[in-house]
Structure formats: structure tokens, C-alpha cells
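K.L.:
Chains as they are written, first to last, in the numbering used here: chain W, 12 to 121; chain X, 12 to 121.
Virtual Cβ for every residue (Gly too), placed ideally from N, Cα, C.
In this text the structure is predicted, and so the values were computed from the model without any measurement.
Just passing along the structure, written as C-alpha cells.
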DNA sequence: ACAGTAACCTTGTATAGCAAGACTTGCAAT
DNA sequence: ATTGCAAGTCTTGCTATACAAGGTTACTGT
């Protein structure tokens, strides 16, 4: 199917803000985010997520924290920063506006 | 502004199908498409469009035709193919589904 | 000891949009 | 005629992103 290729390209630039939206409810760790995003079909593998989280860390959108208290391998929990919250708001505007344009085009092509 | 960077990434994978949607109403030439897409804020410059049209031509989504009949420099008119129409339909499904997921996340983050 | 698994991360690849500009053609002033 | 302008097509070099595949670390169960 070519649906995969279509979806892959659509995800570009969306994923970053989906992560921010998920974190706006409270901190989460990597695999937890990956599972959530996978079930929503917003990523195809962890290979997208970890490099993304590294970028977001560098850009100050999220703040990581190691937690070794539990059992098993230590988890790295991510929390959204103020800057991240601002960016999420900005994204919501751009997404709404661009989405409306695309919807209009698709609507008109039937 | 960082809105530009956000929009740039969002456009990836969308533009191709916006072109198909526009062509579903009848053939258009390059600059005509560029102007239309620019006014809808779906491209930032022609630099995105011509390489895209070349790809779409190679993939059999559009069929070009030179027209020197009018005044001025010859224009290359593009028409959508059957394959292009199919792809547009597939895209509409993926777009709707992915868009709903993103909307749900944004909705939940307020 | 050994396999399994949860969790983290890295490497290499393909692709898409963009800015800037080159090239060509016709037309309109001077 | 010649210069300049505008419309139109296309190219080059750049950056950023998602992905597949694989590798590492820590713990648990048998």
C-alpha cells in the first residue's frame, strides 16, 4: 500500500507537537510515549521518537529527569517546559489554519 | 517568528495532494498553480513546486502538455491522471484519520 | 547460567520544502 | 534597434524529519 508513504510524510512536523500535547497532562517516559503514539498511529517505530526527544531537549521544549526508584532499567521522564507550552499554542493556530485550507481543497474536489 | 518553521514542516506530504485537488477541476500551468497555492499559504515559493511537479510527472500522477498558442512564453499545462485521482482518494482517507488523531490530542491539552 | 524483556539510544538512508538564482521568451518603451 | 521588464520554467545546494535496523543496559524468571 502507498498509505504508509502518505502517512509518513504527513507525520513530519506533527509528531513534535503531539508529544507536547501528551506531556501537557503530566510527565511521561520514552516507551510510554512511544506506545501511546503507536496506538494512535502517529509513529511507525521508536526510531522516530528518541531522536525527536533529543532535539526537543536541546531546544528547551522538554525537561528530562532520570528516575531509578522503580524496578528495571531507569526511566527518563519528560516534562513540558513553559517554552514548550508556548510552542504548542502556536502550533495549534498554524495547524487549524493549514488544516482548513486542505479541507477546503479536498471538499472542492468531490 | 517560528510559525514559518512549523508551517514548513506541516506542508510536507500535503502539498502533493493539494496540487492534485486543484487539478481535479481542470488543467493548470505551473505559475498558475504557484499563485493559487501561495495565496492559500500552502507554499512559500516556486522552489517547492517545480521539483514537485517533476516528481509527480515521473510517478504518473499528472500529464503535462506544452501550449504555445497564447501570448507570451509557452506554458506547460498539467492534467491529473487516473492514477492521480486514485491517490487523491487514498490521501483524503489518511488525512482525515490522522487529522482526527491530532485534533483529539490538541483538544485534550486545553 | 540463560533467555526474555523493558527501556534507552545510535547509525544510515530517503525525501521534501525552501531560498536564491539562472535561463528563455515575448512585449513595450525610448 | 536596443534596452529593459515581466512571465514562465527549471536547477542547485541546504536543512530537517521520519524510519528501519540494530545495539546496550538492567532486571526477572527458570
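Given that residue 99 of chain X touches chain W, what residues does it touch there, using C-beta distances under 7 angstroms?
P.N.:
Those are 120, listed as they occur along chain W.
K.L.:
Under the DSSP definition of a beta bridge, which residues are partnered with residue 74 of chain X?
P.N.:
Residue 74 of chain X pairs with X:90.
K.L.:
What does residue 44 of chain W reach in chain X if we use C-beta pairs closer than 9 angstroms?
P.N.:
Correct list: empty, because the minimum Cβ distance to chain X is about 12 angstroms.
K.L.:
Where do the N-terminal and C-terminal ends of the alpha helix (DSSP H) with residue 16 of chain X fall, by residue?
P.N.:
Residues 14-22.
K.L.:
With distance defined between alpha-carbon atoms, name the residue in W:106, W:46, W:39 nearest to residue 18 of chain X.
P.N.:
Cα-wise, what sits closest to residue 18 of chain X is W:106.
K.L.:
Beta-carbon of residue 91 of chain X versus every beta-carbon of chain W: anything under 7 angstroms?
P.N.:
No, because no Cβ of chain W sits closer than 7 angstroms to the Cβ of residue 91 of chain X.
K.L.:
Pull up the distance between the alpha-carbon of residue 24 of chain W and that of residue 67 of chain X, whole angstroms please.
P.N.:
Computed Cα separation, rounded: 22 angstroms.
K.L.:
With distances taken between CB atoms, is the gap from residue 77 of chain W to residue 84 of chain W smaller than 7 angstroms?
P.N.:
It is not a contact, given that the beta carbons lie outside the stated cut-off.
K.L.:
Do you know offhand how far residue 59 of chain W's Cα is from residue 75 of chain W's?
P.N.:
One C-alpha to the other measures close to 18 angstroms.
K.L.:
Which residues in chain W have a C-beta closer than 7 angstroms to the C-beta of residue 23 of chain X? List them in chain order.
P.N.:
Chain W residues near residue 23 of chain X: 20, 23, 24.
K.L.:
Of all the CB atoms in chain X, is at least one closer than 7 angstroms to the CB of residue 72 of chain W?
P.N.:
Residue 72 of chain W does not count as touching chain X.
K.L.:
Output, in chain order, the set of chain W residues within a Cβ distance shorter than 7 angstroms of residue 65 of chain X.
P.N.:
Going along chain W, no residue has its Cβ under 7 angstroms from residue 65 of chain X, so there is no contact; the nearest lies around 17 angstroms.
K.L.:
What residues are listed by DSSP as bridge partners for residue 40 of chain X?
P.N.:
In the DSSP output, where bridge partners are listed per residue, residue 40 of chain X has X:88.
K.L.:
Residue 51 of chain X touches chain W at which residues, Cβ-Cβ below 7 angstroms?
P.N.:
Under the 7 angstroms cutoff, chain W gives 112.
K.L.:
Tell me where the alpha helix (DSSP H) around residue 52 of chain X begins and ends.
P.N.:
Premise fails: residue 52 of chain X is in no alpha helix (DSSP H) and is neither H nor E.
K.L.:
On the DSSP letters alone, give me the boundaries of the alpha helix (DSSP H) that residue 30 of chain W sits inside.
P.N.:
From DSSP, the alpha helix (DSSP H) with residue 30 of chain W extends over 26-34.
K.L.:
Taking 8 angstroms as the threshold, find out whether the stretch 89-102 of chain W comes into contact with the stretch 31-49 of chain W through three or more Cβ pairs.
P.N.:
Yes: at least three Cβ pairs fall under 8 angstroms.
K.L.:
With 16 as the cutoff for other CB atoms within 10 Å, does residue 103 of chain W come out buried or exposed?
P.N.:
When all chains shown are included, residue 103 of chain W counts as buried.
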